[in-house]
Every structure is written in structure tokens, then in C-alpha cells.
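Let me begin by presenting the structure, written as C-alpha cells, before commenting on it.
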Amino acid sequence: MKSNAIRVAIIDDQQLVRHGLSFIINAQEDMEVIGEAANGREAVILANRFRPHVLLMDVQMPEFSGIDATRDILLALPDSKVVILTTFDLEEYVYNGIRAGAVGYLLKDAAPNELIDAIRAAYRGEAIFRTATAAKVISQAIHSANVILDPESSQGEMLESFTERELEVLQQMAYGLRNEEIAGKLYISESTVKTHVHRILQKFGVEDRTQAVVYAIRNRIVR
0 MKSNAIRVAI
10 IDDQQLVRHG
20 LSFIINAQED
30 MEVIGEAANG
40 REAVILANRF
50 RPHVLLMDVQ
60 MPEFSGIDAT
70 RDILLALPDS
80 KVVILTTFDL
90 EEYVYNGIRA
100 GAVGYLLKDA
110 APNELIDAIR
120 AAYRGEAIFR
130 TATAAKVISQ
140 AIHSANVILD
150 PESSQGEMLE
160 SFTERELEVL
170 QQMAYGLRNE
180 EIAGKLYISE
190 STVKTHVHRI
200 LQKFGVEDRT
210 QAVVYAIRNR
220 IVR
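Residues 0 to 222 in my numbering are what the sequence shown lists, from first letter to last.
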């Protein structure tokens, strides 16, 4: 056992994939694989037993999908982080993964360093949606013209309280960018970014950046 390591669980119905991911992850000094599962039902049991920090979750699996498993696991273990790891870059998977509570979406052909970076980012509470489709979905969601279900609802009032700049910062947060990267992207100072991030978290009533993005989509403030 590695002391203070990021505990990672791998959920995939292909044994070869699980073993390959385990090899890459266990080679890192700051993380270790604490368990593997071949389907969603096994994943729920594994998660409740070992309480991993981060779960790499396939979507298409027999008996119980990765999306269903993600939803059940995070209801019981809200501090765990799920990164969807799939072959398919599909809008449906991105939406459903976010609504189930996943903090990231990564393709299986990602480079090993991307995978490791994604695990560390998820552990820190950052969002990782960097595939072409995921970026499109997040961007459309935040900038959709038809985001309000009921203009008189609390969600409607909440969205109206956001400035255009805060929505731009929220989009970059969804891409997983750090404050200094957002500052460079939007041509503003890092201190200004920190102020916007703080206000966004306050308005959503959440504690971290990932929760802000997930909250916005899951509660249908954005689609």
C-alpha cells in the first residue's frame, strides 16, 4: 500500500483494458489501483467496500451501465469522483455522464499522460471534459438561448444573476482550465478570474469548480 496515494478503481468489461490501465496507474508514485470491476453492479459493490477517490468508468457494460453505476455510487459516496472512460465520443454519453455526476469524460485512445493528468485533476475536484464532443456539449449548454425552464423559477432567477463574463469563466472551468489559463484565454488578470470563480461558487452554493459545472447541467439551469 502506498501512503497518501490516490485510490483508483477501474470499471471496464474488458480484462485486457483493466490490466493495461492498472499497469499505467500503479507505476505512478502518488496513486494506486485499489480494485477492478467488470460491470456496473460490481462497481457499486467495490466502491462501497473500498471507497476509492477516483473511478474510471466505462459506459457500455453488461447487466448495469456505467452511467447507472455512476449515479448509484455518487449517491452513496458523494466525495468520490468518476471519470467516464469510453471508446465513444457521443453527446448522449457526455450529457448522461454529467447528469449522473461524473466530473470527466475521456476516450480510451488518450495518451497515458492524459489519463494520469485526468485522475489527478479529478482528485483535486476539477472537471475534465476535453474531447471534441464534450467541449461542444459544455459550450452549447452554457450558451444555450433556451436554458430557462421557467423564468419565474429559482433557477431562472439564479441564471439572471450571472454576468456574461461569469458565464465565460464557467465555460472555461468546464474545460478544466486553471485560473491562470482562464486569465490568458479571456485576457483578464488571474485575480479577476478568482473573483469570478468565487462568485460563481457562491451563486450556486457549491464548494468547488466541478460541482458548479455539474450543478448547472444536472439542475437544468443549462442543457
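A virtual CB, placed ideally from N, CA and C, is assigned to each residue, including glycine.
A quick note: this is a predicted structure, and the numbers were derived from the prediction, not measured.
- Within the region 68 to 136, the runs of beta strand (DSSP E) at least 3 residues long that lie entirely inside it are, in chain order, 80 to 85 and 103 to 106.
- The continuous alpha helix (DSSP H) containing Arg40 extends over residues Gly39 to Phe49.
- Annotation for Ile10: the continuous beta strand (DSSP E) segment containing it runs Ile5 to Ile10.
- Residues of the same chain with a CB within less than 6 Å of the CB of Phe203, apart from the 5 flanking positions on each side, are Ala211 and Tyr214 in chain order.
- Glu179 has its alpha-carbon roughly 31 Å from the corresponding atom of Phe87.
- Under the three-state reduction of DSSP, Ile199 is assigned to helix.
- Residue burial annotation: Ala26 is exposed, with fewer than 16 other C-beta atoms found within 10 angstroms of its C-beta.
- Per the C-alpha coordinates, the member of Arg198, Arg50 and Asn38 positioned closest to Pro77 is Arg50.
- In the three-state reduction of the DSSP assignment, Leu55 falls in the strand class.
- Sequence-distant partners of Gln59 (beyond 5 residues in either direction) whose C-beta falls short of 7 Å from its own C-beta are missing from its chain.
- Counted as a single uninterrupted DSSP element, the beta strand (DSSP E) harbouring Glu31 occupies residues Met30 to Ala36.
- With respect to the 9 Å criterion, Val192 and Val168 are classified as neighbours on the basis of their beta carbons.
- Excluding the 5 residues flanking it on each side, Lys107 has same chain C-beta neighbours closer than 8 Å at Val16, Leu84, Thr85 and Thr86, in chain order.
- In this structure the region 91 to 110 does not touch the region 31 to 43; the number of beta carbon pairs closer than 8 Å is below three.
- The distance from the Cβ of Phe128 to that of Gly103 is about 6 Å, consistent with a contact at the 8 Å cut-off.
- Assignment of Ala26 by DSSP, reduced to helix, strand and coil, places it in the coil class.
- When the five nearest sequence neighbours on each side are left out, the beta carbons in the same chain lying within less than 7 Å of the beta carbon of Ala117 are those of Val82, Gly103, Leu105 and Ile127, in order along the chain.
- Counting the other CB atoms within 10 Å of its CB gives Met0 a total below 16, which places it among the exposed residues.
- For Lys193, the three-state secondary structure derived from DSSP is helix.
- Where Gly183 is concerned, the enclosing alpha helix (DSSP H) starts and stops at Asn178 to Leu185.
- Each of Val7, Gly100 and Ile66 was checked against the Cα of Leu114, and the nearest Cα belongs to Val7.
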